[in-house]
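Undergrad: Heads up: the sequence shown begins at 0 in numbering that gives the first Met the number 0, then just goes up one per residue. Can you read through this structure? Questions will come right after.
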Amino acid sequence: MKPIPCHEIRRPLLFVLALLTAVAPGAAETIDPSDPEVQREIRDSFGPGATGAFRAKEGMVATSSHHATMAGLETLRGGGNAFDAMAVVQFVLSVAEPHASGIGGGLFIMMYDAESGEVVNIDGREEAPRAFHPDAFRDEDGEIIPYRRRTTGGNAVGVPGTLAATSHLLEHYGTLSLEEALQPAIRLACDGYRVTAPFARNLRQHRDRLRHYPESIRLFSGDDGEPLGAGDLFRNPEFAATLELIAEHGIEVFYEGELADEIVDTVRSDPHRPGVLAKEDLANYRPVRREPVSVDYRGYDVYGANMPTSGGTTLALMLNILEATDFAEKPYGSAASIHLMAEAQNLAFADRNRYMGDADFADVPVNGLLDKNYARTRAERIEPEKSLSPPLDPGKPAGAPEARSGRINVEEGLSTTHFSIVDRDRNVVSVTSTIEQHFGSALVVPGRGFLLNNELTDFDADAYDDGGNLVPNAPEGERRKRRTALGEAAETEGGKRPRSSMTPTLVLREGEPRLALGSPGGSRIIGLTLNALVNIIDHDMDPQTAVNAPRVIARNGPVELEAPLYRDRSLRESLEARGFEVSDIGASGSVQMIRITPDDWLMGAGDPRREGLAIGF
Ligand code: GLY
């Protein structure tokens, strides 16, 4: 079918924005409003932000793009519910943040359905093609292809799940048709928008990968042939026509029709690193409703997504470990508090690395890992003044399979995006969505205006020995033996969904929704979400302060501090004296949070580290 040019695309009047909407004050609040020095530090580190520490009643949307926030808000104001707004926001993000998420990628949805009181977890994770071989990331000599080279090309592309999962949500919980939900994105792709500074920065960083493919670099270049810069107008009429095709023919055109043909052809004919994706892989793809994981943390019920993301279970384990300590009594930012944050994350990450992955393919001891007694035994290892000196060994939760490994999978892309939405009926969605790395595989489906993911790089492709050391040259038989002795749940396999760290989170108290949050950030996502959550529950911060506060991350390795904490020399020395290796991560993550207060106000927070914007009405 011939693409429909932008000027012929319908422009329904469904979405009318009333500009009476309350927009947040410009400057971000900080961890200690009385301390101008701390304010300056945060501004210097993260920028002024366009954030929303204010109250609303009828509905709120928090995303990392003002286009998506406004479109979601229009949907709510026009009478749509949070699930309608979810679909609209996701499609607009495909246009406005095409390097971070989109119909060529995957996502996890956590939602609270006010009518049934149910918390639902929808898994729209990408899936490896059936023919994907365990040695897919080895070259012809059997050598592991280095991570940086694995990330580009068709071999890394998993079957996209975003469109199927979003359409599933809309069909079962929404009030808009798919066609209606696509219109704001079609309009934005036609009209275009000004490229933001983070978009331009990411493009600069990834332009050499995009240059492998003339179609890809062309899409993101101006008329002068140069990659788009901040302030340039980015129009994507080809993508508008693709979305229009989906609006007319439904998701079948993507999973079984002409778009499926073109996706398969793009992946298989990649001259650089072809993949094995087949049309049946797309036709057989289904989003999966899974049992959410949940944990009671100091009277709050924290719900997260289940496998194949490690996010929900690892976050729950971190919270259980912290609850078994006197963490709540330690002031934010003190060495004692950071000590406990680091050890809880390190201990949980040792288990995450060993046990977690696609539970449809391997035994993952989720219940054992969520057990409070298990967390207590892990917490008992923590010493008050001395680091446990990671890498730490995994524990032995009930149901744990034999064999052990403590390796850290740090090589996960930093892209991805998170958004949270609450409507007037108090339906809530918390969604983390990705194409893996910024610009995914760097492959654009020619003439269709969208990128394909490189999610298969989230599998553990490397062979490691029992000490966690890379074994690049192990002979074939040896490699196989070792691989089965390691964290098999995350290993490369056809038909499997790669292990994720995405952590879309919902918090309820006495059955009522109270908080929705999550973040991008590769394997740091889990710790980033933990930081924001304990800032609310333990440190009693308002949402914007909780989001802005500098973060402490550990992944069974060094303590990673955001710049304002790292720059505190006496804090660093105190941690080093306890035996921690301390590193600087500048600014990390992009948490979009909405809190529902006990007296039923909505308070939103967009993260100033990217371009987070929370708006309510
Ligand atoms: N690709 C990011 C994640 O799934 O964790």
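Note that CB positions come from ideal geometry on N, CA and C, so glycine has one too. Quick caveat: nothing in here was measured; it's all calculated off a predicted structure.
1) In the DSSP assignment, the beta strand (DSSP E) including R288 goes from what residue to what residue?
2) Determine the burial state of Q204: buried for a count of at least 16 other Cβ atoms within 10 Å of its Cβ, exposed for fewer.
3) For A576, count the other beta carbons within 10 Å of its own beta carbon; 16 or more makes it buried, fewer makes it exposed. Which is it?
4) Return yes when at least one heavy atom of the ligand GLY lies under 6 angstroms from the C-beta of D537, else no.
5) Is the segment 83–103 in contact with the segment 278–294, if contact means three or more CB pairs nearer than 8 angstroms?
6) I need the straight-line Cα distance from A484 to E572, nearest angstrom please.
7) Given a cut-off of 7 angstroms on the beta-carbon distance, is the pair G103 and P159 in contact?
8) How many Å lie between E57 and T151 at the Cα?
9) Closest to L162 by C-alpha separation, out of D223, A86, T528 and P145, would be which residue?
10) Tell me, which residues are paired with P226 by DSSP?
11) Taking only the alpha-carbon atoms, compute the straight-line gap between Y613 and G303 and give it to the nearest angstrom.
12) Using the Cβ count rule (16 or more neighbours within 10 Å means buried), how would you classify P597?
13) With distance defined between alpha-carbon atoms, name the residue in D539, L168, N372 and R550 nearest to V287.
14) Along the alpha helix (DSSP H) that carries N534, what are the first and last residues, could you check?
15) Kindly indicate the opening and closing residues of the beta strand (DSSP E) around F418.
16) When burial is assigned at 16 or more other CB atoms within 10 Å of the CB, is N372 buried or exposed?
17) For a minimum of 4 consecutive residues, which ranges assigned as the alpha helix (DSSP H) are wholly contained in the segment 250–312?
18) With contact counted as at least three CB pairs below 8 angstroms, one residue from each stretch, are the segment 378–396 and the segment 334–343 in contact?
19) If you draw a straight line from the C-alpha of L368 to the C-alpha of Q182, how long is it?
20) Following the continuous alpha helix (DSSP H) through G123, name the residue where it begins and the one where it ends.
21) State the CB to CB distance for the pair P400 and D370, rounded to an integer number of angstroms; the pair is presumed to be in contact (CB under 8 angstroms).
22) Here's the rule: buried if 16 or more other CB atoms are within 10 angstroms of the residue's CB, otherwise exposed. What is N366?
23) Sorry if obvious, but does the Cβ on S166 come closer than 6 angstroms to a heavy atom of the ligand GLY?
24) Check each candidate in L516, G520, G521 and S522 and name the one with the smallest Cα separation from V618.
25) With a threshold of 6 angstroms, establish whether the CB of D459 neighbours any heavy atom of the ligand GLY.
26) Report buried or exposed for T174, applying the criterion of at least 16 other Cβ atoms within 10 angstroms of its Cβ.
27) Which of the three DSSP states is assigned to F136 in this structure?
28) Under 7 angstroms, do F238 and F90 count as touching if we go by C-beta distance?
29) Which one or two residues does DSSP pair with G603 in a beta bridge?
30) Taking C-beta to C-beta, are S429 and P519 nearer than 7 angstroms?
31) Taking 6 angstroms as the cut-off, is the CB of S100 close to at least one heavy atom of the ligand GLY?
32) What residues in its chain sit with their C-beta under 6 angstroms from that of G298, if we drop five residues either side in the sequence?
33) Which residues in the same chain have their Cβ closer than 7 angstroms to the Cβ of L209, if we skip the five residues on either side of it in sequence?
34) DSSP on D459, reduced to helix/strand/coil?
35) If I measure Cβ to Cβ from G71 and keep anything under 7 angstroms in the same chain, skipping five residues before and after, which residues do I get?
36) Mind reading off the beta-carbon distance from L242 to A184? Whole number of angstroms is fine, and I expect it under 8 angstroms.
TA: On the basis of the coordinates in this document:
1) The count along the sequence shown starts at 1 and reaches residue 288 at position 289. Residues V287 to R289.
2) Position 205 of the sequence shown, counted from the first residue, corresponds to residue 204. So Q204 ends up on the exposed side.
3) As a working mapping, residue 576 is identified with position 577 in the sequence shown. Classification of A576: exposed, given that the 10 Å Cβ count is below 16.
4) Residue mapping note: residue 537 aligns to position 538 of the sequence shown, counting from 1. Result no, Cβ not under 6 angstroms from the ligand GLY.
5) no
6) Looking up residue 484 in the sequence shown gives position 485. Looking up residue 572 in the sequence shown gives position 573. Note that A484 scores a pLDDT of 33, beneath 50, so its modelled location is shaky and nothing firm can be said.
7) Sequence index remark: in the sequence shown, residue 103 carries index 104 (1-based). Sequence index remark: in the sequence shown, residue 159 carries index 160 (1-based). Taking 7 angstroms as the Cβ cut-off, G103 and P159 qualify as a contacting pair.
8) Here the question's residue 57 lines up with position 58 in the sequence shown. Here the question's residue 151 lines up with position 152 in the sequence shown. Using only the alpha carbons, I get a separation of about 44 angstroms.
9) Here residue 162 refers to the residue found at position 163 of the sequence shown. The shortest Cα separation from L162 among D223, A86, T528 and P145 belongs to A86.
10) Locating residue 226 in the sequence shown gives position 227, counting from the first residue. BP columns for P226 point to S220.
11) Looking up residue 613 in the sequence shown gives position 614. Looking up residue 303 in the sequence shown gives position 304. Strictly speaking, residue 613 in this sequence is Ala, with Tyr absent from that position. Each residue's alpha carbon lies about 22 angstroms from the other.
12) By 1-based counting over the sequence shown, the position of residue 597 is 598. With fewer than 16 other Cβ atoms within 10 Å, it is exposed.
13) Counted from its first residue, the sequence shown places residue 287 at position 288. Cα-wise, what sits closest to V287 is L168.
14) Indexing the sequence shown from 1 puts residue 534 at position 535. Run containing N534: I524 to I536, per the alpha helix (DSSP H) assignment.
15) Taking the sequence shown and counting its residues from 1, the one referred to as residue 418 is at position 419. Per DSSP, F418 belongs to the beta strand (DSSP E) from T416 to V421.
16) Translated into the one-based positions of the sequence shown, residue 372 becomes position 373. Exposed is the call here.
17) 251–254, 257–267 and 278–282
18) yes
19) As a first step, residue 368 is located in the sequence shown; it is residue number 369 there, counting from the start. As a first step, residue 182 is located in the sequence shown; it is residue number 183 there, counting from the start. Going by the C-alpha atoms only, they are around 43 angstroms apart.
20) Counting from 1 along the sequence shown, the entry for residue 123 is found at position 124. Per DSSP, G123 belongs to no alpha helix (DSSP H); it is in the beta strand (DSSP E), E117 to G123.
21) Numbered from its first residue, the sequence shown carries residue 400 at position 401. Numbered from its first residue, the sequence shown carries residue 370 at position 371. At roughly 16 angstroms, the Cβ-Cβ gap does not stay under 8 angstroms, so P400 and D370 are not in contact.
22) For the purposes of this step, residue 366 is taken as the residue at position 367 of the sequence shown. Exposed, by the Cβ-count rule.
23) Sequence index remark: in the sequence shown, residue 166 carries index 167 (1-based). No - the ligand GLY has no heavy atom lying nearer than 6 angstroms to the Cβ of S166.
24) The requested residue 618 does not occur in the structure, where the chain is confined to residues 0 to 616.
25) Working through the sequence shown from its first residue, we reach residue 459 at position 460. Not so, every heavy atom of the ligand GLY lies at least 6 angstroms from the Cβ.
26) Locating residue 174 in the sequence shown gives position 175, where the first residue counts as 1. T174 should be labelled exposed.
27) Counted from its first residue, the sequence shown places residue 136 at position 137. Coil at F136, not helix or strand.
28) One-based indexing of the sequence shown puts residue 238 at position 239. One-based indexing of the sequence shown puts residue 90 at position 91. For F238 and F90, no; Cβs fall outside 7 angstroms.
29) In the sequence shown, the residue the question calls residue 603 occupies position 604. Answer by DSSP bridge pairing, in chain order: I593.
30) As a first step, residue 429 is located in the sequence shown; it is residue number 430 there, counting from the start. As a first step, residue 519 is located in the sequence shown; it is residue number 520 there, counting from the start. No. Outside cutoff.
31) For this step, residue 100 is matched to residue 101 along the sequence shown. It does not: the Cβ of S100 is nowhere closer than 6 angstroms to a heavy atom of the ligand GLY.
32) Position 299 of the sequence shown holds residue 298. Answer for G298: no residue qualifies.
33) Numbered from its first residue, the sequence shown carries residue 209 at position 210. If we look at L209 and ignore the five residues flanking it on each side, its Cβ neighbours are S215, I216, F219, F438 and A441.
34) By one-based count along the sequence shown, residue 459 stands at place 460. Three-state DSSP puts D459 in a strand.
35) The count along the sequence shown starts at 1 and reaches residue 71 at position 72. Hits under 7 angstroms: V60, T62, A84, V87, V88 and I420.
36) Stepping through the sequence shown from its first residue, residue 242 is reached at position 243. Stepping through the sequence shown from its first residue, residue 184 is reached at position 185. Yes, L242 and A184 are in contact; Cβ-Cβ is about 6 angstroms, under 8 angstroms.
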